[in-house]
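Have a look at the structure below, then the notes.
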Amino acid sequence: MAQRSNTLRLASRGSALALTQSRWVAAQLERLHAGLRVELVEIRTSGDVKLGQSLQAIGGKGAFTRELEDALLEGRADFAVHSLKDLPTQLPPGLALGCTPPREDVQDVLILRQKQPANELTEDPFKLLPPGATVGSSSLRRRAQLLARRKDLKVIEFRGNVETRLRKLEEGKADATLLALAGLKRLGLMGADPGLLERFGVFILPSRLWLPAVSQGCLGVEIRQDDKELRELLAPLHDAGTFAAVEAERAFLHALGAGCTAPVGALARVPEGSEVLLEGALFAEDGSSERRALVRGHISQPRRAGEEAARQVLSQR
Numbered sequence: 578m579a580q581r582s583n584t585l586r587l588a589s590r591g592s593a594l595a596l597t598q599s600r601w602v603a604a605q606l607e608r609l610h611a612g613l614r615v616e617l618v619e620i621r622t623s624g625d626v627k628l629g630q631s632l633q634a635i636g637g638k639g640a641f642t643r644e645l646e647d648a649l650l651e652g653r654a655d656f657a658v659h660s661l662k663d664l665p666t667q668l669p670p671g672l673a674l675g676c677t678p679p680r681e682d683v684q685d686v687l688i689l690r691q692k693q694p695a696n697e698l699t700e701d702p703f704k705l706l707p708p709g710a711t712v713g714s715s716s717l718r719r720r721a722q723l724l725a726r727r728k729d730l731k732v733i734e735f736r737g738n739v740e741t742r743l744r745k746l747e748e749g750k751a752d753a754t755l756l757a758l759a760g761l762k763r764l765g766l767m768g769a770d771p772g773l774l775e776r777f778g779v780f781i782l783p784s785r786l787w788l789p790a791v792s793q794g795c796l797g798v799e800i801r802q803d804d805k806e807l808r809e810l811l812a813p814l815h816d817a818g819t820f821a822a823v824e825a826e827r828a829f830l831h832a833l834g835a836g837c838t839a840p841v842g843a844l845a846r847v848p849e850g851s852e853v854l855l856e857g858a859l860f861a862e863d864g865s866s867e868r869r870a871l872v873r874g875h876i877s878q879p880r881r882a883g884e885e886a887a888r889q890v891l892s893q894r
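Counting from 578, one number per residue, gives the positions in the sequence shown under our numbering.
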């Protein structure tokens, strides 16, 4: 690194999950590049501070990323690690995605306050919720898919990090909540020692029945657009298949004119060969309807698949 310091500053939110993700990227870079040191710069975002308001009320787009991007643009940090599902599809001028590491599992997890006996495991865990049960979730996508299955459910605002939401659940503020499997795995809660999850009923929702958020399970490493040297350092962490999939999903979201808090689900897969297969859906917030599309595209032009899926969805009335 002849042109710059041997220390890189990595902007990160301060939650346990955000720090786990950022430390993983930092460790990979230090392992790959001898003599390189990565220093974490913790930054609180508006989404972290304004926990008493809904994401829509505090602006929705960029609630968990805006302050990190400001740090990049102002030179207070060299790069930032995001949960890519939180990152708006249109980045500020001067910033770019530097890499997308391999994707983690994409599914959501239904967590019930009451632990269930092993013989009650079912393909439809929503049946285990009593009539009129309260489910805590701030996601419009999750709300819509919940109400599509159970009109009787009451969905309430449920902000906070993983630990906060599990504590609220244990305190009886809801009968169930939903969390991303990727985050639980990164925190080490889905292995042999489930820790915090031990006392709850835990059900992984298959993506064929429950669409995840755009880019769910993916990390996005954001850099300044002109920082070619840092892009080269990040290159060994980049996964082309993951990038093609999330490009298709993010193009779908962008073409719908929607943000990362909208009731939109999408999942792109890159099977063997040169194909991208994208399933996308736009839900009514009350779960009363949905518009879906399934599109195949070429891996070299993933955004076209996303744009075509959006066109098909918007043409359905």
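All C-beta atoms, glycine included, are put in the ideal place defined by N, C-alpha and C.
Quick one: residues in its chain with C-beta nearer than 6 Å to the C-beta of residue i, no 5 flanking neighbours on either side, listed in chain order?
i    : result
H815 : C676
R719 : L755
G874 : V853, R881, A882
Quickly, what does DSSP pair residue i with across the bridge? List them, please.
i    : result
D685 : A757, L782
A657 : A588, E799
H875 : E852
G713 : I733, T754
As a quick exercise: from the options, pick the residue whose alpha carbon is nearest that of residue i.
i    : options                : result
L520 : P783, L811, V739, L755 : Residue 520 cannot be examined here, being either before or after the span of the chain that is shown, 578 to 894.
P694 : L743, P679, E775       : E775
L788 : L661, D663, V683, H610 : V683
L830 : A812, G864, R888       : R888
G864 : L649, L730, A832, A603 : L730
V618 : A843, L674, E806, R590 : R590
P665 : R643, D647, D655, G671 : R643
G662 : A843, A858, R621       : The sequence as given places Lys at residue 662; Gly does not occur at that position. Ranking A843, A858, R621 by Cα distance to K662 puts A843 first.
I620 : P708, F656, A604, K692 : F656
P669 : E799, L724, S714       : E799
G713 : R736, E884, E862       : R736
Taking 8 Å as the threshold (C-beta atoms), are residue j and residue i in contact?
i    : j    : result
F777 : P702 : no
R846 : V791 : no
L680 : T838 : Position check: residue 680 holds Arg in this sequence, whereas Leu was assumed. Their beta carbons are not under 8 Å apart, which means R680 does not touch T838 by this criterion.
V890 : L854 : no
T597 : L761 : no
G652 : A640 : no
L587 : V602 : yes
E896 : I876 : Here the chain covers residues 578 to 894 and nothing more, so residue 896 does not appear.
R801 : L649 : yes
Excluding the 5 residues preceding and the 5 following residue i in the sequence, name in chain order all residues of the same chain whose CB lies nearer than 7 Å to its CB.
i    : result
S892 : none
Identify, in the order they occur along the chain, each residue of the same chain with its Cβ nearer than 8 Å to the Cβ of residue i, setting aside the five sequence neighbours on each side.
i    : result
A593 : N738, V739, E740, L764
T622 : R590, A640, F641, T642, R643, E644, L645
N583 : G612, L613, R614
**Item:** 4-residue-minimum alpha helix (DSSP H) runs that sit fully inside the segment 796-862, ordered along the chain
**Value:** 805-811, 817-832
**Item:** Start-end ranges of the alpha helix (DSSP H) lying completely within the segment 718-760, minimum 4 residues
**Value:** Residue ranges of uninterrupted alpha helix (DSSP H) with 4 or more members, entirely inside the segment 718-760 and ordered along the chain, are 739-747.
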